[in-house]
Structure formats: C-alpha cells, structure tokens
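These protein sequence lines are chains A and B, in that order.
Using the numbering used here, read the first sequence as starting at 8 and increasing by one per residue.
Using the numbering used here, read the second sequence as starting at 725 and increasing by one per residue.
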Amino acid sequence: MTAPRSDTPVPRTLARKLHEIRSDYPMGSRILGRLLLGLVLLWASSVLIFCGIEALPGDFATTYLGQAATPQAVANIRAELGLDQPMLTRYLAWAGGILHGDFGTSWASGQVIADQLWHRLGNSMLLAGCAAVIAVPLAVSLGLLAVLYRDRWPDKLINLVSLAAVSLPEFFVAYLLILWLVVQHPVAAFPATVYDSMSIWEKLHTIALPVATLVLVVIAHMMRMTRAAILSLLSSAYMETATLKGLGALRIIVRHALPNALAPIINVVALNLAYLIVGVVVVEVVFVYPGMGQYMVDAVTVRDLPVVQGCGLVFAGIYILLNMAADILSIFVNPRLRHPR
Amino acid sequence: MKIQMSASTKTPETADGLNRRSFLGTALAAGTVAGTSGLWLPGSARAAETPTRGGTMKLGLDGGQTTDTLDPGTYAGSTMFAAAFTWGDRLVTTDPVSGEALPMLATSWEPSDGAKTWRFKIRQDVSFHDGTPFTVADAAQTLRRHSDKDSKSAALGLLADITKIEEDGKDLVITLSNGNADLPLLFSDYHLQIQKNGGMDDPNSAVGTGPYKLESFEPGVRIAFSKNKNDWNEERGFVDSVEILVMNDNTARIAALSSGKVHFINSLDPKTMKLLKRAPNVETISTKGKGFYSFLMMGDMAPFDNNDLRMALKLSIDRQAMLDQILGGYGSLGNDYPVNEAYALAPTGIEQRAYDPEEAAHYYKKSGHSGPIELRTANAAFTGAVDAAVLFQQNAKACGIDLQIKREPDDGYWSNVWNKKAFCASYWGGRPTQDIRYTTTQLSTSTWNDTHFKSPEFDAMLMQARAETDQEVRRDLYQKMAVLVRDTSGLILPVFNNYLNARSKKLMGWVDDLGNDLSNGQVASRCWLSA
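Okay, structure coming up:
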C-alpha cells in the first residue's frame, strides 16, 4: 500500500498530498470518502428518479381531468405546470429547489409538499423507531441465545418461530394480529391513525399493533445473521484457545465473538431499518397509518409527480444515509480498519 | 309499451312549485315502495325512534386521499362526499324516498318564462359557523364561483346554462339560457355547499351552515367535526362530535366495525356482506340506488355500427346470473336504458329484456357478422368486472357468439380504454335527474357519450323534456326516450347495483336515500348513537 519514498526531493503532487492526508488521518479520510460517495449517490438517484418518472406512461393532465380531458384543457394544465419546458430546465429547477429545502407544490392539491412530507416522514420515523427499539435488541439477544443453546431446543424454537413470522406475508401477520387482538380479544387500539392533537402516550398506544407486526417481520433476518456470524467465528482458533483456557460459553460469545461479528450484524440491521422506513406501505394501509408510503402511493395513483419525486428522493436519502452509517460503524468496530498498518 | 300511471289522475300541472312537488312525491312514493319493498326499513319503525343526543360518531370510509382539499368544487370520492354534508348546506335538498326537491337554505322557489327564470326565497334565520349571518349574497356568490367560465368546479357542467345570478332584495333570481324544469334539483348537488361569501375569499375554509363545524382536516387521514350549537335545523346533527377516518383497505374497515372502533363503514364487497351478517352488533345495509354496471358498444365503430349485432349481444347476456353472481343479489335487473325507478318520472311498464339464446342467434345471423368480438375489461371498470366479462362470454357462447376477453390494466383504464375502445366494461353512478343522466351520456354532442349514440330524434325529445313543465308530457317523453335507447343504442345494462354499507347496532336513525350513497351523504347529519 505504501508508495516507495524517493531520496531526492520532488515537488509534492496533489496525489501525494492526498496520500499523506490519508495516512495521517485514516479514520477521518475514510469517513469523508463515504460521505462524498453518499452525496454522489444521492445526486445519481435524483437523476434516476427524475428520468424514471419522465419515462412513466400516463400524464398528470389527462389523469387529473379524467373524463373531462379536452385537448385545450390538457394544454392549459401542461402550460400552467410548466410541463412544456425542456426536461433539463425542469430538472435543474426541481433540484435547485430541493437544495433550498423546497420540494415544490403538489399538482393535485396545490399544497406545499415539504410540510406534508416532513409530517409524514415524522410519522414513518415514529413507527420505524418504535419497531427498531424493540426489534434490534431483541433480535441480537435472541441470536446470542440461539448460539448459546445451539442445536438444542431453545435454538430450534427461536428459529422456528422467527422463520414462521418472516415467511408469512406482512399483511397476513397484520390481519392475524387484528383478528386476535382487536376483534376477538379487544385489547389493542385500531385503527392506528395518529394525529397531531394526540399525546405521545396516546400515539404509542395507538401504534402498538403495527409496531408488533413490523417487529415480527424484521426480527428473523437480524436474528439469523447474528447467529450465523457468531457461529462462524466460534470455529476459529482463538475461540478454541478461549474454550481451552476454561472461559464460560456466555463470556466467550459476548466478550470475544460478538465484537468481531458486529460488522455483518450492523449491516443487516441497517438494511432492516431502511426497510422499516421505506418499505412498509402495506402495513400502513392495513392499519390505516398516515405514513410516508401511503402518501407516495396516493400521489402515484393521481400522477402527482412532484410528490412522487420528493418522496422518492427522501427514501433514497434515507437508504443512503443508513447504509453509510453502517459502513462507518463497521469501520469503527473493526480495529484493523481503525488502525491500519 | 303500455304506459302505467300509478298516481297520475291528479289535477293538471301548473308551473307552481308546490303542486309540482307534491305530485312528484305521490307518484314516486307509489312507484318506489312497490318496486323495492324488501329493501326499505318500514317508515313507522323509523318514526318510533326518538333520537338520543351526544357521543362521538366515527365513520370509517374509503375513497379519501392525501390529495383531497376542502374546496367543495373539487370533491370526489366517498370521504369528501360525506364531509360535504357534514359541514355544509345546499339551497335545496332532496326527499330520501321520492327524490323530489325540498327546501333547505332556500325556503321556496318559483319558475317563470318557460322555466328560464327562477326566483328562490332565501332563509333568513341562519348563521355561518363563525357567527356571521347567512344572506342571499352568500348564496349568489357560491353559485357565481361554481358557474364561472374559468371555474375548476366539478359542478360547472351542471350550471353551464346559467346566464345571470341576481340578488333581488332577499330573493335570488337565476336566469337560464334554456328552460330547465329541474333547476332546484341541480342546486342539491353536493359540490354546491353554500359558503361564506361563496368561498371567494377562501374556497378551502369549509365555513358553512351545516350541522357540524370543521375542527381538523388531515387529507387522506382524518376529518374531525364538532356540533354546531347554533344550527338552524334541530332535527339533525345529534352527536357532539363526528370523526371521519379514511380507511381505504376493505379488511381494515370491516375489522374496525366488527371490533366497535367505528360505527359505520361503506363500500362493502357483495362477497363479504353475507359473512358480515353473522357478526354480532353489526347490521348490513343495502340501499337501492341509481348506479349501474354496463358494457358499452360504440355505435359508430365496426362491428357495432350494426343494430342487429347490438341487439344480439343485448339478448345474449344472462342478467339474472349477473345479478346473482356478480352482485350477490344486491341490486336489480337493468333493461338497457340508464334510468331506474329511483329517478323522478321514471318510465314504467317497459318489457324486461331477458336472456334469449335463440333470439340472440337469430339477430346474430341477421347481422352477417362472423368471427370473434373483443371485449375489454378491468376491475377498475366496476367491482367484479373481469368475472362479469367471463360470465358474459359463457352466456354468449351458448348463442353462438364468440367473445374474446382482453384484460386491461386498472391504471389508466378511464383514459385509455373507456370512451375510446369499441367495446368495454364500465359503470356510472347516479345523477340527480333523468335529464342530467341522458345529457351526460346519450346526447349526441356530449363528450362523455360513451356509446357514441347519435339520434337527432332523441336529442330533440331531451331538449323538449328539459323545458317542459307539464309533468305528464315530460313523463311521456322520458318513456319514449328510454325505449329508443333500449332498442337502438350501444348500451348493454344488465344490472343496477345497490349501495352496500354496514353499521354498528349503536348507530340509529339510518335513512335509505335513493339520491346517493351514505344516506345521500347525510349519515352524520341524520344518525345518532344509542346510549
């Protein structure tokens, strides 16, 4: 990795300068690199979203006017919305607005998109946050437990239950929970519609069922990754040494195996967190939860493209952010990456 | 073709509003009650109940979207339809049983000059939710906003004939370019909620004179109302607060109702009606309406430019099977004209067209057509439209007609298939009057003439009937128009569908209203919660 140093002094080139910075601040430069990459990815996804939506069949003017679409009315609406401008002009206007936090206005309702978008995103974050707070520790400890009792009945039970939960489609899990906890034994709140005048405790009570559904859906993936990552370490030589030295199984797993297995676990947790925010529209619909997925789907059906684009970009941003966070965390938990030779 | 006159031996018609209305009332009450007795709550059972006041009424409705706005000119879908009648009042309302125009914010009206000029007396003791008194100016401004040439209101089409809206003292005077005997009924349209200064200042304010005040509006999520304590009408608005929760998922609505979290849900699938009947504490409601399911043949496109072929197809559909299997029996048979007895002055005694493979084969042979006929369908056309097309295919096969079904995507069905392709499945909801029904879909110049039915004879009768104030002459014209459409147009109308809703047993005072779904939008206004 290290470039051979020449004895004769040469003018410092930019590449060399960069190299020195990198070896002086290994962590900082890695993280900076990831951040820059994230920005490039975000820009690329904004282009993809914009072009993808341009390529979609159908047109807002004809969809909005529906049965009343005369050519003149369609032309009027297209002119009013600036759809007659060239694509590049529209992209620059849109992207420029977003840099100032302005997502434009909805074509269908004429409302400012940003207000509604952040409001919905807040709702989605609340749901995802609650699910994550329960699911992540639960999954990791269940994974540890499964390793501790591997191939014995607790391991098999944990595997069976979590696999069953992940095998059922999420809407089916949702309907089962509604059937048991709302219709047959009315203990849970339904529908999970939250609104501004509710206190935080009321909100938490209201969203209990969708949170439970999401926990059941995401837990298996994380649990099995934890189990597999630790199991693969247990066969390595230093584990054997630890066992021979007489350390207890729990201590070996928690103190010596888990830190080394953290990188893959963090990655799978990040993926699941991203799913919890961007992929739960079905659960939102079933529980009548005003989240962001529902907002985007509504906009798609009426071809309200600024809203679709805004949602798409925010989703992409969240995805990139979470993956970047996972990368950076993986660097932090890996001593070899933290202290490169 | 004998014309039955159930209650028609009344005094000759004058242009006087009262006589006309009372006539309509009796004629229609006789017709509808006889036709649909099984579907109606006995009137006496309703009258015996005394409303209880108080409580929070929760309605779980579909058809709400995040793109909804409060401007009544934009309302579409069940959620905003129900909201409209919760906060607003119209100049005119309609009778749930007879469909006749009844006073609301207008106390009476009178036409003159061949129904070209109308004078409405305006109620004087009404205030808006914010306390300002309601005046004739508010009514005039509301109509001006919706009828303005550049208006984006969905009611613009209804009001297109209005040339002048004037305030004359405390009266409202409307002048039309063509006589229209149905004008008061047009003013009962749900887009025409009277707003303060007509909504000119803020179309989205939802400050009206209705039974409930708007408290909060989250589009596509929830709309909350509280009781309007200064309501001018004491016989409505019985609960303290109303919540409309948008629930677009069928199963979620049913779960919410059967667990008692909401008191009322709409838009049930006929397949679930029977299951829901078993649930304790729940009552299903099937209300006769004006909407229908149909198959549309374009009368000017090959091969449907041949009336023998059109007739063959009309005879080759088993309407009873369609009613039983697609609608689960929750509807009534159609007779290939778009009007049923839920409309005022509906035709009577026209022979019911039935499934007749022999006759169909005869007409098919006569048409000289051979080869497969393509029928386009999608479930967007109506609930069960794909199944209905397959059923039609089987029926037609028995008549020697080869129907080929082309399934289209739901998305874009209304812009790419309906009103564009020669043969497709479709539906229509009700319209307030026969005149509007025919003007929308059968008048040769209409852009929504989705069967391309072009008959100068029909157009002339439609115009004549519109301005005619003698109800007997009108009824006669409508009868002839129905027969003409039934026997020559491209409309195959096998069934009229009922509105399917369900309520908790706590929700009392439900009124079956043939005007439209959700007790003509007035479920929150008319119902109360038992203690």
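For every residue, glycine included, the Cβ atom is placed at its ideal position computed from N, Cα and C.
Between residue 275 of chain A and residue 346 of chain A, the CB-CB gap reaches or exceeds 8 Å. Between the region 263 to 273 of chain A and the region 230 to 240 of chain A, the count of Cβ pairs shorter than 8 Å is three or higher; the stretches touch. With contacts defined as CB atoms closer than 8 Å, residue 906 of chain B and residue 935 of chain B fail to qualify as a contacting pair.
Residue 965 of chain B is a Cβ neighbour of residue 780 of chain B, given a cutoff of 8 Å. Closest by C-alpha distance to residue 329 of chain A, out of A:132, A:126, A:102, is A:132.
Excluding residues up to 5 positions away in sequence, 1163, 1164 lie with their Cβ nearer than 7 Å to the Cβ of residue 1170 of chain B in the same chain. Contact annotation for residue 919 of chain B against chain A: no contact, minimum CB-CB distance about 18 Å [criterion: below 7 Å].
Where residue 1218 of chain B is concerned, the enclosing beta strand (DSSP E) starts and stops at 1215 to 1221. Here residue 1046 of chain B has 1112, 1115, 1218, 1219 as same chain residues with Cβ atoms under 7 Å from its own Cβ, once five neighbours each way along the sequence are excluded. In the structure shown, residue 336 of chain A falls within a helical segment according to DSSP collapsed to helix, strand and coil.
With a threshold of 16 other beta carbon atoms within 10 Å, residue 1221 of chain B meets it and is buried. At a cut-off of 8 Å between beta-carbon atoms, residue 305 of chain A makes contact with chain B. Contiguous beta strand (DSSP E) elements confined to the region 803 to 884 of chain B occur at 816 to 818, 825 to 827, 830 to 836, 841 to 846, taking only those with 3 or more residues. A residue is called buried when at least 16 other Cβ atoms come within 10 angstroms of its Cβ; residue 886 of chain B meets this threshold and is buried. Cβ-Cβ separation between residue 1108 of chain B and residue 1050 of chain B: approximately 4 Å, consistent with a contact (criterion under 8 Å). Counting along the chain, residue 951 of chain B sits inside the beta strand (DSSP E) bounded by residues 946 to 951. Under the three-state reduction of DSSP, residue 1022 of chain B is assigned to coil, being neither helix nor strand. For the pair residue 831 of chain B and residue 134 of chain A, the Cα-to-Cα distance works out to about 52 Å. The three-state secondary structure of residue 1149 of chain B, taken from DSSP, is strand. A contact is defined here as three or more CB-CB pairs under 8 Å, and the region 1183 to 1200 of chain B fails this definition with respect to the region 969 to 978 of chain B.
Sequence-distant partners of residue 296 of chain A (beyond 5 residues in either direction) whose C-beta falls short of 6 Å from its own C-beta, in its chain, are 199, 217. Within the region 899 to 925 of chain B, no residue has its Cβ closer than 9 Å to any Cβ of chain A.
Only buried fits residue 1190 of chain B, as 16 or more other CB atoms lie within 10 angstroms of its CB.
For residue 789 of chain B, at least one C-beta of chain A is nearer than 8 Å to its own C-beta.
For residue 980 of chain B, the nearest CB of chain A lies under 8 Å from its own CB, placing it at the interface with that chain. DSSP, reduced to helix, strand and coil, places residue 1094 of chain B outside both helices and strands of the structure shown, so it counts as coil.
Residues of the region 177 to 196 of chain A with a C-beta atom less than 7 Å from some C-beta of chain B are 182, 185, 189, 190, 193, listed in chain order. Beta-bridge annotation (DSSP): residue 1016 of chain B is paired with B:1152, B:1220. Annotation: the continuous alpha helix (DSSP H) that includes residue 1204 of chain B extends over 1195 to 1212.
Among the CB atoms of chain A, none fall inside 8 Å of the CB of residue 1247 of chain B.
Taking a beta-carbon distance threshold of 8 Å, residue 802 of chain B does not count as an interface residue toward chain A.
In the three-state DSSP reduction, residue 100 of chain A falls in the helix class (H, G or I). For the region 89 to 117 of chain A, the residues whose beta carbon sits under 8 Å from a beta carbon of chain B are, in order, 113, 115, 116, 117. Taking C-beta separations shorter than 7 Å and ignoring five residues to either side along the sequence, the partners of residue 212 of chain A in its chain run 196, following chain order. Below the 9 Å Cβ cutoff, chain A contributes 189, 193, 196, 197, 198 as neighbours of residue 985 of chain B, in chain order. In the DSSP assignment, residue 966 of chain B falls within the unbroken beta strand (DSSP E) covering 965 to 970.
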